[in-house]
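Residue numbers (this note's numbering), protein chains in the order written: chain E, 1 to 164; chain D, 1001 to 1306.
Worksheet for the structure shown next.
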Amino acid sequence: MKIFAIFAVTALTTFLGYWLASKYIQRKDFFNAIVFFANLMEVEVGFSQKKTEEIINENIKKFCAEFQKLLTLFIASLNTKKTITTAEISNVAKFLKNEEIQEIFLFFNGIGKYDSENQIKNITSHNKQFVLWQTNAKQESNKYVKLYVKLGFLLGLIISIIIM
Amino acid sequence: MLEKIINENLWKIISTKVGIKNLTELRLRAGKPIVAFMGNIPWFVCENGLTESLEKAIYFTYEEIQSIIFSASEFSIYAVNEEIKRGYLVLADATRIGVSGRVIIENDQIKTISNFTSINIRIPHQIKNCSLCCFKSLTSNGVKSTLVISPPGGGKTTFLRDFALQLSLTANPLNITILDERGEIAGGESGGLSTGNFTDILSFVPKKQGFEIATRTLAPDIIIADEIGTEEDANAVFSAFNAGIKIFASVHAGSLEELKHKPFLKKLIEENCFERYVLLSKKNGPGTFEGVFGKNFLRLGFGGEQ
């Protein structure tokens, strides 16, 4: 019975640690998705010249849930002759910082507005920033997820010792 | 398609108070009143429909023009830049949007047009049977190579489209290739306008290359091409004519006299490439049939007799 209780408490606190770190995992997945999307757009604009909506519809399932939501909102905003807003971006991806929201807002509002040469330049310039944030998000995720899980596990052990 | 690109209020006025059926052209200019052409007659558009009064007219804005172009490109200017460079965009239903704005030149070539200041939306109308007025004259004892002549907006494209459709409906249909350089005959890639079951459509292809592809690979009995306008176009027609293919083409001209004075057509006329000339005008609205003429420009009866 005691062993079962120790196991249960430790598992619970370890999961708690993982849950607290999930923001970092979401950030990593989100920036992976946006960099992948920007790269995809660069290629499609340069070669196939498919329409924006077609590119998104063909690839949307390849992205994480938050980025899928963002793309869906983007397409909806285009079809209603509006632009996606910073509030909408922030709502979909609550883990983003203000500076990141602004850059993503500018990125989406530049899509489809230029001839192919300038469109690629526009995407590339935003993508440079996205790649930096992707690297940071990856480092943060590696660091904090392990840390939070370990802390959760240790907390579970401590609680178990105290209880026993 | 028009409802997808123009703003909600303007679409409401056009669809309920102006009437899309008789609308041939919309001219939208930044800071200027909206002009709608009903047939040949220009009107200002107001909240209640059409007006002659400048005070009541609705004025269009620069931002609205950018929005229309963006929507018309399906939010992908990069994908339609080649068309924009040539000064127009074509929607899936063959609505043609002529654009003007800042032309950006690089190395003596047009790179793009941006900062659009005005657009001209031409509404296509599929008028079925409009070519039947002289169909017999153009097809009795075999299809005759024909040049359709009219001033701009005179119904040449509509005539060519219907002619393709009518040929497909005959007892012995022929293989037709349509060189749809601006996507106006068949409605671009989606082929939104009916041209019959025996047509192969080469969309957005320059005439020279289009004639080459058609002749080499599609084995057409007839090639239909809109608006022969340059020496290069005329040479392409001449090559196809020499390959034994019947040509159905159109050209901008207000009369036969004007046609004869077009230098790039000289060779085609002298070599009797065209056996028939169909003259259309805008006298009683676009597509007013003025007559069909033989090689020597003598008027023929509707059955083809002189």
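The beta carbon of each residue, even a glycine, is placed where N, CA and C say it ideally should be.
Residue 1070 (chain D): contacting residues in chain E (beta-carbon distance under 8 angstroms): Residue 1070 (chain D) sits at position 70 when you count from the first residue of the second sequence. Ordered by position in chain E, the residues that pass the 8 angstroms Cβ test against residue 1070 (chain D) are 112 and 113.
Per DSSP, what kind of secondary structure is residue 1182 (chain D) in: helix, strand or coil? Counting from one through the second sequence, the residue named residue 1182 (chain D) turns up at place 182. Coil at residue 1182 (chain D), not helix or strand.
On the three-pair Cβ rule with 8 angstroms, is the region 1100 to 1107 of chain D touching the region 1261 to 1270 of chain D? No: the two stretches stay apart, fewer than three of their Cβ pairs being nearer than 8 angstroms.
Around the C-beta of residue 1108 (chain D), are 16 or more other C-beta atoms found within 10 angstroms, so that it is buried, or is it exposed? On the second sequence, position 108 is the one that residue 1108 (chain D) refers to. Flag for residue 1108 (chain D) reads exposed.
Residues, ordered as in the chain, of the region 1074 to 1101 of chain D that lie near chain E by beta-carbon distance below 7 angstroms: 1074, 1075, 1076, 1077, 1078, 1079 and 1081
Name the two residues that bound the continuous alpha helix (DSSP H) containing residue 1228 (chain D). In the second sequence, counting from the first residue as 1, residue 1228 (chain D) sits at position 228. Neither: residue 1228 (chain D) is in no alpha helix (DSSP H) and is coded neither H nor E.
Can you check whether the CB of residue 1287 (chain D) is closer than 8 angstroms to the CB of residue 1196 (chain D)? Residue mapping note: residue 1196 (chain D) aligns to position 196 of the second sequence, counting from 1. Residue mapping note: residue 1287 (chain D) aligns to position 287 of the second sequence, counting from 1. No. Outside cutoff.
Would you mind working out which of D:1089, D:1088, D:1026 and D:1039 sits nearest residue 1059 (chain D), comparing C-alpha positions? Here residue 1059 (chain D) corresponds to residue number 59 of the second sequence, with the count starting at 1. Comparing Cα-Cα distances from residue 1059 (chain D) to each of D:1089, D:1088, D:1026 and D:1039, the minimum goes to D:1026.
So if I threshold CB-CB distances at 9 angstroms, which residues from the region 1110 to 1130 of chain D count as touching chain E? Close to chain E, meaning a Cβ-Cβ distance shorter than 9 angstroms, are the following residues of the region 1110 to 1130 of chain D: 1111, 1112 and 1114.
Below 8 angstroms on the Cβ atoms is my guess for residue 1112 (chain D) versus residue 1062 (chain D); work out the distance and round it to an integer in Å. Locating residue 1112 (chain D) in the second sequence gives position 112, counting from the first residue. Locating residue 1062 (chain D) in the second sequence gives position 62, counting from the first residue. Beta-carbon to beta-carbon, residue 1112 (chain D) and residue 1062 (chain D) are separated by about 17 angstroms, too far to satisfy the 8 angstroms threshold.
What does a CB cutoff of less than 7 angstroms around residue 1152 (chain D) pick up in its chain, not counting 5 residues either side in sequence? Locating residue 1152 (chain D) in the second sequence gives position 152, where the first residue counts as 1. Take residue 1152 (chain D), set aside five residues on each side of it, and the residues of its chain with a beta-carbon closer than 7 angstroms to its own are 1252, in chain order.
Check residue 1160 (chain D) in the structure and name its three-state DSSP category. Here residue 1160 (chain D) is taken as the residue at index 160 of the second sequence, counted from 1. Helix at residue 1160 (chain D).
In chain D, what lies closer than 9 angstroms to residue 45 (chain E) by C-beta? Counting from one through the first sequence, the residue named residue 45 (chain E) turns up at place 45. Residues of chain D passing the Cβ test: 1076, 1078 and 1079.
Could you check whether residue 1250 (chain D) and residue 1165 (chain D) sit closer than 8 angstroms to each other, using their CB atoms as the reference points? Translated into positions along the second sequence, residue 1165 (chain D) becomes position 165. Translated into positions along the second sequence, residue 1250 (chain D) becomes position 250. No, they are not a contact pair.
Out of curiosity, what's the CA-to-CA distance linking residue 1008 (chain D) and residue 1064 (chain D)? Working through the second sequence from its first residue, we reach residue 1008 (chain D) at position 8. Working through the second sequence from its first residue, we reach residue 1064 (chain D) at position 64. Those two C-alpha atoms are separated by around 11 angstroms.
Compute the distance between the beta-carbons of residue 1123 (chain D) and residue 1099 (chain D), then report whether it is under 8 angstroms. Within the second sequence, numbered from 1, the residue matching residue 1123 (chain D) stands at position 123. Within the second sequence, numbered from 1, the residue matching residue 1099 (chain D) stands at position 99. Their beta carbons are not under 8 angstroms apart, which means residue 1123 (chain D) does not touch residue 1099 (chain D) by this criterion.
What residues from chain D crowd round residue 134 (chain E), counting only those whose CB sits closer than 7 angstroms? Numbered from 1 along the first sequence, position 134 holds the residue referred to as residue 134 (chain E). Those do not exist, as residue 134 (chain E) stays about 24 angstroms from chain D at its closest Cβ, beyond 7 angstroms.
In this structure, does DSSP put residue 1202 (chain D) in helix, strand or coil? Position 202 of the second sequence, counted from the start, is the residue given in the question as residue 1202 (chain D). In the structure shown, residue 1202 (chain D) sits in a strand (DSSP, three-state: E or B).
Return no unless some Cβ of chain E is closer than 8 angstroms to the Cβ of residue 1203 (chain D). As a first step, residue 1203 (chain D) is located in the second sequence; it is residue number 203 there, counting from the start. Answer no: the Cβ-Cβ gap between residue 1203 (chain D) and chain E never drops below 8 angstroms.
If you measure from the beta carbon of residue 116 (chain E) to each beta carbon in chain D, is any gap under 8 angstroms? For the purposes of this step, residue 116 (chain E) is taken as residue 116 along the first sequence, with counting starting at 1. Chain D contact via Cβ: present.
Residue of D:1143, D:1183, D:1136 and D:1142 minimising C-alpha distance to residue 1158 (chain D): Here residue 1158 (chain D) is taken as the residue at index 158 of the second sequence, counted from 1. Of the listed residues, the one whose Cα sits closest to residue 1158 (chain D) is D:1183.
Between the region 1173 to 1200 of chain D and chain E, which residues of the former have CB atoms less than 7 angstroms from a CB of the latter, in chain order? none
Chain-ordered chain E contacts of residue 1015 (chain D) [CB-CB under 9 angstroms]: Looking up residue 1015 (chain D) in the second sequence gives position 15. Within chain E, no residue comes near residue 1015 (chain D); the closest Cβ sits about 17 angstroms away, beyond 9 angstroms.
Closer than 8 angstroms, CB to CB, is residue 124 (chain E) near chain D or not? In the first sequence, residue 124 (chain E) corresponds to position 124, counting from 1. Taking Cβ atoms only, chain D never reaches closer than 8 angstroms to residue 124 (chain E), which makes this a no.
How many Å lie between residue 2 (chain E) and residue 73 (chain E) at the Cα? Working through the first sequence from its first residue, we reach residue 2 (chain E) at position 2. Working through the first sequence from its first residue, we reach residue 73 (chain E) at position 73. Taking the straight line joining both Cα atoms gives about 51 angstroms.
Rounded separation between residue 101 (chain E) and residue 136 (chain E) - CA only: Residue 101 (chain E) sits at position 101 when you count from the first residue of the first sequence. Residue 136 (chain E) sits at position 136 when you count from the first residue of the first sequence. Rounded to the nearest angstrom, the gap between the Cα atoms of residue 101 (chain E) and residue 136 (chain E) is 16 angstroms.
Tell me whether residue 1033 (chain D) is buried or exposed, calling it buried when 16 or more other Cβ atoms sit within 10 Å of its Cβ. Residue 1033 (chain D) sits at position 33 when you count from the first residue of the second sequence. So residue 1033 (chain D) counts as buried.
Limits of the beta strand (DSSP E) - the one that residue 1307 (chain D) falls within: What is shown of chain D runs 1001 to 1306, which leaves residue 1307 (chain D) out entirely.
What residues of chain D sit near residue 94 (chain E), judged by a beta carbon separation below 7 angstroms? Taking the first residue of the first sequence as 1, we reach residue 94 (chain E) at position 94. Result: empty, since nearest Cβ-Cβ is about 27 angstroms, beyond 7 angstroms.
Does the beta carbon of residue 99 (chain E) sit closer than 8 angstroms to a beta carbon anywhere in chain D? Residue numbering aside, residue 99 (chain E) sits at position 99 when the first sequence is read from its first letter. Output row for residue 99 (chain E): interface = no.
Apart from the five residues just before and just after residue 1014 (chain D), which ones in its own chain have a Cβ nearer than 8 angstroms to its Cβ? If you number the second sequence from 1, residue 1014 (chain D) lands on position 14. 1002, 1006, 1020, 1023, 1026, 1036 and 1045.
Tell me residue 1025 (chain D)'s beta-bridge partners as DSSP assigns them. As a first step, residue 1025 (chain D) must be located in the second sequence, where it is residue number 25. D:1037 and D:1122.
Reduced DSSP secondary structure (H/G/I, E/B, other) of residue 49 (chain E): Numbered from 1 along the first sequence, position 49 holds the residue referred to as residue 49 (chain E). Coil, per DSSP.
Residue 31 (chain E) vs residue 129 (chain E) beta-carbon contact at 8 angstroms: By one-based count along the first sequence, residue 31 (chain E) stands at place 31. By one-based count along the first sequence, residue 129 (chain E) stands at place 129. Going by C-beta atoms, residue 31 (chain E) is not nearer than 8 angstroms to residue 129 (chain E).
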